[in-house]
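Protein sequence lines, in the order shown, are assigned to chains A and B.
So the first sequence is residues 76 to 820, counted in my numbering.
So the second sequence is residues 76 to 820, counted in my numbering.
These notes are about the structure you will find just below.
There are 2 protein chains.
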Amino acid sequence: MKKINPSIIYPIENWQVSESEYTLETNQRSETIFTVGNGYIGIRGCTEETMPELENHTLPGTYINGFYETAPIIYGEAAYGYAENHQTILNVPNALPFEITVDGEKITLFSGKITDYSRKLSFKTGLFERQFTWTSEKTGKQLKIIFSRLASFTRKHVAAIKINIQPVNFMAADIQVTSSLQGAVTNQEHDGDPRAGAAFSGQVLNTEKVIQQSGILGLFQRTTSSKLEIASGIKHSIPGSVSQKQDFWSESWQFDGSTSIEISKFIGYATSEKDNIQTLCTELEKASKAGFAQLVQEQVDYLDLFWNRADIGVTGDDALQQALRFNAFHLLQSVGRDGRTNIAAKGVTGEGYEGHYFWDTEIFIFPFFAFTQPEIAKKLLEYRYSILPNAKKRARDLACSGALFPWRTINGEEASAYYPAGTAQIHINADIMHALKLYTEVTNDTDFLNEKGLEMLIETSRFYMDYGDFVEGRGFTINGVTGPDEYTALINNNTYTNMMVKDQLEFLLTSLTDEARIKFNISDIEIKNWTLAAKNMYIHRTNSALIGQDDSFLNKGKWPFETTREDQYPLLLHFHPMKIYQKQVLKQADLILAMVLQSERFSDEEKQVNYDYYEPLTTHDSSLSPATHAIIAAELGRMEQAVSFFYYTARTDLDDYHHNVKDGVHTAAMAGSWLTIVYGFAGLRIKNGELHFQPRLPDKWTGYQFRITFQGRIIEVQTTTSGTNFTLIQGNSIQLFSDGNPIQL
Amino acid sequence: MKKINPSIIYPIENWQVSESEYTLETNQRSETIFTVGNGYIGIRGCTEETMPELENHTLPGTYINGFYETAPIIYGEAAYGYAENHQTILNVPNALPFEITVDGEKITLFSGKITDYSRKLSFKTGLFERQFTWTSEKTGKQLKIIFSRLASFTRKHVAAIKINIQPVNFMAADIQVTSSLQGAVTNQEHDGDPRAGAAFSGQVLNTEKVIQQSGILGLFQRTTSSKLEIASGIKHSIPGSVSQKQDFWSESWQFDGSTSIEISKFIGYATSEKDNIQTLCTELEKASKAGFAQLVQEQVDYLDLFWNRADIGVTGDDALQQALRFNAFHLLQSVGRDGRTNIAAKGVTGEGYEGHYFWDTEIFIFPFFAFTQPEIAKKLLEYRYSILPNAKKRARDLACSGALFPWRTINGEEASAYYPAGTAQIHINADIMHALKLYTEVTNDTDFLNEKGLEMLIETSRFYMDYGDFVEGRGFTINGVTGPDEYTALINNNTYTNMMVKDQLEFLLTSLTDEARIKFNISDIEIKNWTLAAKNMYIHRTNSALIGQDDSFLNKGKWPFETTREDQYPLLLHFHPMKIYQKQVLKQADLILAMVLQSERFSDEEKQVNYDYYEPLTTHDSSLSPATHAIIAAELGRMEQAVSFFYYTARTDLDDYHHNVKDGVHTAAMAGSWLTIVYGFAGLRIKNGELHFQPRLPDKWTGYQFRITFQGRIIEVQTTTSGTNFTLIQGNSIQLFSDGNPIQL
């Protein structure tokens, strides 16, 4: 495995992440880390005060999940069926700005003397707090300033900021505070890294209306190309009566410095509602009426319930403990839960990967929600169902029947501009169906399966049947695909893909109802073909336990790791794809991932042999890779490797392993840390609809614990040095298995 | 094989192509057919008179071989090592325009009554003639107008037009003639077909100087981005003294209609010379001094010599006879012969494929020149040597040592914007080396081999050794390539590629000199590796005579030909590449081409079995395909198929099989017709440096004949129904073989 040299950036704390120093060089990274989000709104942890010193060191970003601009994809050489449009998550009007002046002097982090600085995000309260003491170098006057910020978990359209200004060493001053909404925002410019940046430049939000009613200052805007609407606004609340001035999109107040000042700013965004202006105004009214304290209380209550089902921990390693909670919290902040949105690779924390949804959702993130917040998991599947019409159309683009889900998308259209590592990853269909199967097993929600799930299952299977071929002497083959490993492209019979499709077809055959057969016009021949394909799915096994990642992988030369310099990783930024594809080298887990998801289809010997073969060939240049390896390493009892990989996935963002946290968090890696504990160290697998564990505890730790929700129950799993305890926290009695032994709870 | 329905467009004539009707719908195609060129200048067969009616039915194009504009290639998703710039052959100032008015009425093909119209191009005189009789519908006055045009084969920088205006039924009229040079020209706009159109729009030639000296009207211009210079100009000559008016770039004359009018217009272009303006003026002076008649005489003399070595014919099929000469003539018109240019896929007849040079040169066109005009063949290799520095740099882009020639280029830089069907075709190296070997065998020119050839041979071999791998149990493998068949991409061990590389390595090992070993720092280990790779080159043979096109081809499903409609060809315009790549379907000959070029490496049984297997899977969507199939069909005695394929390649342009002659001729298909006669029906192969023939005569024909130049000799081969005669036309006695029997000439 590639060596990582972790170095702790933020103090290790139990229920929060914080910093006590402000440095320009790392500010943009911290803005990502301190993002507040509610799955719809995301506001990066930027300062309320604007300062010229920040230029190039800040990404003042507020994002709305699913709100994007489109731009035509330009190809050097186009071809039939290529994806047509970029979709890019949009930076929306910035509601942060506060300007504070004292005796005419503007308070910023660079204008006076700053002491007692801190920025912190609490996982228990959902509150982001930033504070510092400012001392004028001219007058010596000192003020303590505290900003509290939240994106309401209970009010989709609402965020809020409370600013508290305390005079420290004076009784009188001319204090002026201005709060505004900035509508003229742009996205980040592309800087050459294919993983970051937008396809257009300049402002694409056009203001159609200024909103001014009931103290709300707002804007109604429309995107230039995608024509999506957004209403954004602010409304202030301030105790007592103060001198006040209101402008189009700012409001100013004058204070005499004799007492503390407190201003609450309620922030609203509405998109894709029937009446966005109305929604905005109603929600802002309600929020301001409730007040900031009430909003905080709602956050606390919501998070109490969340942690009751989702808390997870390691004892004996506080850095991992912090990371597990940081990750779970950020997942909650990132996940769309309205059935029309999903969870982007960067959540709502940045513009990396253009805010697209990938398979990351279903394979890495979905289990976390399925086992802790199944109602959110269902919404993720509903999103997929909502884009099924696009997926059907996409299958036609490939001259196939059925449906092919887009490799990367926001609005349901394929947005991958490089099909060999995009559209060719047709395993996306099976990945989504894997999530459907998991959801069904975890919840027993057959209603969803029958109402929406089956249609997806049938149509995606139809695509595979059409794209694949029965080839004499081989069985059912699926050629011309790219598997999970993006350092190998356009190959035949990717084992991961074929096994996942086999599983999906088996799931389909057992789930099929008579109603569905009639509704979807399924003939006996079609069922026979599904059966045959599932039974005779081609897997590239060899005459040893070694399995080919695909038909050709084992015949390639090995990547020259010995002559590859440290600064040449990730390979994709330093080598031509042709050169990478022609060698035995992996970006990320591929067959190893199949060993996690299709555990029972591999013998123990196969797991060992293939792990030993593929792991040394894997660069882990993808943040998706370490968790998978951690899980299998744990299963194989390679505890040191497992812990090492676990560190990698768990602290990817907190320790900025990929040096790109400034562009946003890595939601899949975050979820990977949960997966590693639950699937890896606790060894959870579902077999025949029942829970099986195989708990292992690394030497370095004294224990780990987590809770899962399963078929209406909440079960706590607690491993210590003296063994594992399973506790039924809620729900009816159930039988589960630990190391194969039945346990009745 | 795909059915073609040939339909003769132009009358079948022996030494010319002509039309006697002018139709707007097909005009652009005819402009291509009637192009005059000299390998440097190309002028499409457009009208001298300009008419609004022509809009969208004309491509007024004049091209200079090797003169191009660049533009950055924009990728939907860029990656390391991608080609950076488009290069596009440029439409240069148009020197055709003549405007004729009679009594104020402008003469065009649409303004009066047109009779006796014709347009013709003679292969014996190299002259393009256009004539018609025009009758005024107002006055009834009738004039006969004849335009003669040539691009001088003996004067690289010169073209010329003579206009002859004859009063038919009147003695007096106010006749005004204006001739001009139009500097404001643009390229064709991209129309969605990836095979046509430029990467930029608008005018990119910027005029820096107006040339006015010694009666020359000219322009000195520079391209916006590539910064290349071009000087273009016209100079007129007119017998007697007439009233004349000169403008910046036009000249007008007044006539009284009493006698015939004759005006000669000498046209010059100079690029990439030390002093382009000086060259232009000198060459125009000399040409106008010589006069039009002298230029015609030079053409005739030049073509006499050309046909003496290059004439080729079929007796018993006049359509084929015409095509063979049309093709040979156009190849001569298209081929760059200054060592700094090459032959574009469309020659100098259009903008298709952006004027790029491909492997078409070495594999399809080169043999024609090597066996008929070896001095031109040498220039083609010198061009490759001139871009060897670029090829070395390109190899570095792929993290390899040695040199990799660009798949498509003008200036030596890779210009392929889709690497799976571009850069991945690394067989380009071996193709060029195949031409080097052929040139050396045909000419015995070891000086060229030692001075320039060996360096290319060594550096391209070094690339292969680095890109390929010795893989245990397989030998030397070359993975991650695309072979000639572009409907299969990024595969391993393409048989064509591997065999060509094997041959190149063997050629290198026998050609290597002690001087070269020292000069190029070649170690014993390097030689040992070349030897091992050549000896153990992996070829994907099966346990039958069937050979895999590559490692995976035979394991794929077959293309659904039965459900593919006629209007869905070419597949590349109607199916996603992924879908095409995953099936057994070929765009063009691949293994079959290896059977032509590496004939001795296949048994007779292998040739039969593989032809029968691959041919039905081949769409021939590439114009490169039919000739290759014709050759092997002839070798296998499948004479009907051979003739059918021969028709396809021979009359590709005359009968416009691909419906895109409007964008330019298909030089490789043209050369394919020569190849089919010589390699196919006459069965020419070089074995151990000696000529071997295996002549066969299709039933339909009464004979065929051609001449080849070989090691200083000219040999005529004439097959009739009573057998084949070999005649030594020039040079020393030589032994050759026919059907294995030695013949002494």
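Just so it is clear, CB atoms sit at the ideal spot from N, CA and C, and this is done for glycine as well.
Any beta-carbon of chain A closer than 7 Å to the one on residue i?
i	result
Q657(B)	yes
S627(B)	yes
H502(B)	no
A419(B)	no
V279(B)	no
I485(B)	no
What is the DSSP secondary structure of residue i, counted as helix, strand or coil?
i	result
T751(A)	helix
P559(A)	coil
E450(A)	helix
R459(B)	helix
E130(B)	coil
S382(A)	Note that residue 382(A) corresponds to Trp in the displayed sequence, not to Ser. Three-state result, W382(A): helix.
F650(A)	coil
H767(A)	strand
P691(A)	helix
I553(A)	coil
T390(A)	strand
L661(B)	strand
D696(A)	coil
F785(A)	strand
K302(B)	coil
Leaving aside the five residues before and after residue i along the sequence, list all residues of the same chain whose C-beta is less than 7 Å from its C-beta, in chain order.
i	result
D738(A)	A271, K421, G425, E426, G427
A510(A)	E437, F441, L456
I804(B)	R782, I789, I790, E791
P817(A)	Q810
Give every residue of the same chain whose Cβ lies closer than 6 Å to the Cβ of residue i, excluding the five residues on either side of it in the sequence, and list them in chain order.
i	result
A368(A)	none
P701(B)	H695, F720, Y723, T724
V576(B)	A505, Y539
M714(B)	P773
Y138(A)	G117, I164, V423
I533(B)	F595
V317(B)	W328
Do we get a CB-CB distance below 7 Å when we pair residue i with the residues of chain B?
i	result
K662(A)	no
N567(A)	yes
W90(A)	no
E144(A)	no
L846(A)	Chain A is shown only over 76 to 820; residue 846(A) falls outside these bounds and no answer can be derived.
Near residue i, what residues of its chain come up, given a Cβ to Cβ distance below 8 Å and the 5 sequence neighbours on each side ignored?
i	result
E159(B)	P147, I148, E488
request  = Scan the segment 158-244 of chain B and note each continuous alpha helix (DSSP H) run of 4 residues or more that stays entirely inside, going in chain order.
outcome  = none
key: alpha helix (DSSP H) runs wholly inside the segment 560-645 of chain A, at least 4 long, in chain order   = 570-586, 589-594, 599-610
ask   = So does the segment 208-222 of chain B actually touch the segment 183-195 of chain B, counting three or more Cβ pairs closer than 8 Å?
value = yes
task = Pair every Cβ in the segment 452-470 of chain B with every Cβ in the segment 173-180 of chain B, then say whether three or more of these pairs are closer than 8 Å.
result = no
inquiry  = Contact between the segment 228-242 of chain B and the segment 324-342 of chain B is defined here as three or more beta-carbon pairs at a separation below 8 Å; is this criterion met?
reply    = yes
query = So does the segment 792-801 of chain A actually touch the segment 757-776 of chain A, counting three or more Cβ pairs closer than 8 Å?
reply = The segment 792-801 of chain A vs the segment 757-776 of chain A: in contact.
ask   = Fully enclosed by the segment 79-152 of chain A, which beta strand (DSSP E) runs are 3 residues long or longer?
value = 91-94, 116-118, 137-147
task = Tell me, please, whether the segment 471-482 of chain A touches the segment 644-658 of chain B by the rule of three or more beta-carbon pairs shorter than 8 Å.
result = A contact exists between the segment 471-482 of chain A and the segment 644-658 of chain B.
inquiry  = Tell me whether the segment 300-314 of chain B and the segment 343-351 of chain B touch, counting them as touching only if at least three CB pairs, one residue from each stretch, are closer than 8 Å.
reply    = Output reads yes: the segment 343-351 of chain B touches the segment 300-314 of chain B.
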